[in-house]
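Peer 1: Chains as they are written, first to last, in the numbering used here: chain A, 50 to 183; chain B, 50 to 183; chain C, 50 to 183; chain D, 50 to 183.
Don't be surprised by glycine CBs; every beta carbon is placed ideally from N, CA and C.
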DNA sequence: GTGGTCTAGACCACA
DNA sequence: GTGGTCTAGACCACG
């Protein structure tokens with residue numbers, strides 16, 4: 050499914066969150082699909098079950114996945130994006146930081162846009178907005 | 050010059066780095082300009098001198114600023130962007146994370162591009178890429 | 050009769066208990082009425098028979114229902130509320146927690162009372178305390 | 050400040066959350082006040098630092114407290130209740146469950162209201178709505 | 001079998 | 001000093 054870089058500065062549980070989000074957007078995980086159990090994913094990633102558990106908790110709070118008691122964890126079937134003020138502000142800040150960094154790497158606006166297009170193709174496939182929600 | 054948000058989850062020293070980068074790009078700080086002393090900036094931002102010092106060290110390592118012993122700290126006059134492999138990889142990863150987050154906030158590709166254009170205008174002025182390192 | 054939400058954080062067996070209590074209070078189930086068999090209710094709710102069984106056991110311990118061996122399970126005909134100390138304490142604690150949560154949602158005392166009145170009307174009908182255990 | 054019941058069925062971290070909420074509402078903790086450090090509170094309650102940490106994280110997510118990096122954790126100065134759909138629904142469900150339980154303990158509507166009044170007096174002081182936000 | 005909670009003890013980044 | 005992350009290993013409620 051995805052890999053974990055234990056040496057990375059981004060926490061493992063966040064890498065897991067990102068990995069699962071990516072799988073869902075790419076369609077590798079479909080709404081309703083069962084996720085690996087906490088223990089199984091911990092084994093796969095050779096990490097601690099608690100770490101996976103934390104990632105799952107975060108994703109559940111975001112309503113991206115949901116757990117059925119005693120049955121396991123599943124990709125939500127009815128995810129609806131809600132535009133939250135704080136998160137939007139955070140996103141803009143992050144983007145600004147990213148553009149500043151890019152600028153100091155000598156990367157121009159048109160290059161960033163090109164990279165962005167490539168990433169969108171990787172995530173959503175060729176066509177723009179193919180398997181999005183609406 | 051810029052503000053610090055002590056409540057933010059991004060470390061204060063990184064906020065300082067970002068703030069200074071932003072001032073330079075906007076032209077508020079020109080190459081050769083003297084930066085406030087560590088102590089003065091700490092007073093201005095009501096933060097710990099060690100924190101400012103750490104920010105200055107990072108910026109110096111990036112060759113964005115330089116210290117002349119006994120004279121103070123200055124904006125570098127000869128900054129040359131060098132495209133380092135690992136930083137480029139990190140940037141792409143960050144961008145991917147950002148796009149995933151945006152997607153789950155319901156923000157589409159065209160919206161992100163619009164926000165990006167606005168940020169570039171804020172940072173560099175109207176014209177695309179005009180007043181970059183000249 | 051009532052619905053189960055598998056996504057809810059409250060255990061399914063508790064939802065069943067609550068559902069049956071509600072049916073009895075509303076008069077949908079009268080004292081002496083036969084309850085569905087464990088197996089049937091499990092089929093109706095598409096849940097595990099063990100879960101229904103656990104709910105029935107709890108209700109029996111509360112003397113709200115009773116099983117006649119070989120005949121089935123019935124709503125008790127002679128339920129007598131007994132004010133047990135510890136349950137009373139628990140109830141007060143739960144209520145306190147609820148009021149704290151309400152406060153942090155911005156819900157005032159008078160709003161809570163209004164909601165309470167609505168719920169009582171839904172459960173017992175219009176008149177206050179009229180058709181209780183009669 | 051408050052006590053923890055290790056034998057209770059409600060998780061320790063939730064008891065901590067509730068205890069802190071209660072202290073704030075009662076005015077024992079004022080906006081801007083520093084909370085005990087994770088380690089200190091763990092010592093006071095003879096529990097594990099991780100457990101306290103989890104409680105603090107939850108409270109921070111609710112914007113009831115905020116952490117200043119490297120400085121500690123503080124009661125938020127600008128808490129604004131936001132009425133969230135889900136939480137409101139949850140609250141109503143909890144209240145319904147509570148009323149069902151009360152009914153089966155033989156507690157009538159007027160008794161519940163009396164208990165509620167007592168709790169509000171304990172939390173907010175004599176007058177209704179004294180030290181609330183508005 | 002599932003996830004949730006808790007402990008003990010460790011390391012790290014930040015101010 | 002602060003909180004944040006992670007591990008190892010344990011117990012429990014639920015279905």
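According to DSSP, simplified to helix, strand and coil, what is residue 41/D?
Peer 2: With chain D covering only 50 through 183, there is no way to say anything about residue 41/D.
Peer 1: Can you tell me the Cα-Cα spacing of residue 92/B and residue 88/A, whole angstroms?
Peer 2: Looking at the two C-alpha atoms, the distance is approximately 50 Å.
Peer 1: Check the Cβ-Cβ distances between residue 130/A and every residue of chain B, and say whether any is below 8 Å.
Peer 2: Output row for residue 130/A: interface = yes.
Peer 1: Pull the bridge partners of residue 124/A from the DSSP assignment, please.
Peer 2: BP columns for residue 124/A point to 114/A.
Peer 1: CA-CA distance, residue 157/A and residue 164/A?
Peer 2: Rounded to whole angstroms, residue 157/A to residue 164/A spans 11 Å at the Cα level.
Peer 1: Kindly confirm or deny that the region 110–122 of chain A and the region 74–88 of chain A touch, where touching means at least three C-beta pairs closer than 8 Å.
Peer 2: Cβ pair count under 8 Å is three or more, so yes.
Peer 1: Quick one: Cα of residue 134/A to Cα of residue 126/D, how far?
Peer 2: Cα-Cα distance, rounded: 19 Å.
Peer 1: For residue 53/B, decide whether its Cβ has a neighbour in chain D, counting only Cβ atoms nearer than 8 Å.
Peer 2: No - not a single Cβ of chain D is within 8 Å of the one on residue 53/B.
Peer 1: Please work out which residues of its chain come closer than 7 Å, Cβ to Cβ, to residue 104/D, disregarding the five sequence neighbours upstream and downstream, and give them in chain order.
Peer 2: So the qualifying residues of the chain are 62, 65 and 66.
Peer 1: Whose Cβ in chain C lies nearer than 9 Å to the Cβ of residue 151/D?
Peer 2: Ordered by position in chain C, the residues that pass the 9 Å Cβ test against residue 151/D are 140 and 144.
Peer 1: CA-CA distance, residue 111/D and residue 130/D?
Peer 2: Distance between the alpha carbons of residue 111/D and residue 130/D is about 9 Å.
Peer 1: Apart from the five residues just before and just after residue 72/A, which ones in its own chain have a Cβ nearer than 7 Å to its Cβ?
Peer 2: 50, 51 and 78, listed in sequence order.
Peer 1: Please report the straight-line C-alpha distance between residue 106/B and residue 97/D, rounded to a whole angstrom.
Peer 2: Spanning the two alpha carbons is a distance of roughly 37 Å.
Peer 1: Give the DSSP-derived three-state secondary structure of residue 162/C in the structure shown.
Peer 2: Residue state, collapsed to three classes: helix.
Peer 1: For the putative contact between residue 172/C and residue 75/C, defined by C-beta atoms under 8 Å, what is the C-beta separation to the nearest angstrom?
Peer 2: Indeed, because the Cβ distance is near 6 Å, the residues count as touching under 8 Å.
Peer 1: Give the straight-line distance between the Cα atoms of residue 57/D and residue 142/C, rounded to the nearest whole angstrom.
Peer 2: Distance between the alpha carbons of residue 57/D and residue 142/C is about 11 Å.
Peer 1: Straight-line CA distance for residue 183/B to residue 81/B?
Peer 2: Residue placement at residue 183/B is flagged as unreliable, the pLDDT there being 37, under the threshold of 50; a coordinate-derived value is accordingly withheld.
Peer 1: By the 10 Å Cβ neighbour count, where 16 or more other Cβ atoms means buried, how is residue 108/D classified, buried or exposed?
Peer 2: Buried, by the Cβ-count rule.
Peer 1: Using a beta-carbon distance below 8 Å, is residue 155/B in contact with chain A?
Peer 2: It does; some Cβ of chain A falls within 8 Å.
Peer 1: Hey, is residue 66/C's beta-carbon within less than 8 Å of any beta-carbon in chain A?
Peer 2: So no, residue 66/C is outside the interface.
Peer 1: For residue 95/C, is the classification buried or exposed, using 16 other Cβ atoms within 10 angstroms of its Cβ as the cut-off for buried?
Peer 2: Exposed, because fewer than 16 other Cβ atoms sit within 10 Å of the Cβ of residue 95/C.
Peer 1: From residue 148/B to residue 101/A, what does the alpha carbon distance come to, in whole angstroms?
Peer 2: Approximately 23 Å, taken between the alpha carbons.
Peer 1: Shortest alpha-carbon distance to residue 161/B belongs to which of 54/A, 113/A, 145/A and 152/A?
Peer 2: Of the candidates 54/A, 113/A, 145/A and 152/A, the one whose C-alpha sits nearest the C-alpha of residue 161/B is 145/A.
Peer 1: Any beta carbon of chain C sitting closer than 8 Å to that of residue 63/A?
Peer 2: Answer no: the Cβ-Cβ gap between residue 63/A and chain C never drops below 8 Å.
Peer 1: Buried or exposed: which applies to residue 132/B, given that a residue is buried once 16 or more other Cβ atoms fall within 10 Å of its Cβ?
Peer 2: By the neighbour-count rule (16 or more Cβ atoms within 10 Å), residue 132/B is not buried but exposed.
Peer 1: Please list the partners that residue 115/D has in chain B, where partner means a Cβ-to-Cβ separation under 7 Å.
Peer 2: Correct list: 56.
Peer 1: Assuming residue 150/D and residue 140/C are in contact, meaning their beta carbons sit under 8 Å apart, how far apart are those beta carbons, in whole angstroms?
Peer 2: Indeed, because the Cβ distance is near 6 Å, the residues count as touching under 8 Å.
Peer 1: Taking the alpha carbon of residue 114/C as the point to measure from, which residue in 70/C, 174/C, 137/C and 159/C has its own alpha carbon closest?
Peer 2: Nearest C-alpha to residue 114/C: 70/C.
Peer 1: Using C-beta distances below 6 Å, list every residue in its chain close to residue 90/A, excluding the 5 sequence neighbours before and after it, in chain order.
Peer 2: The answer, listed in chain order, is 101.
Peer 1: Please list the partners that residue 162/A has in chain B, where partner means a Cβ-to-Cβ separation under 9 Å.
Peer 2: In chain order: 162 and 165.
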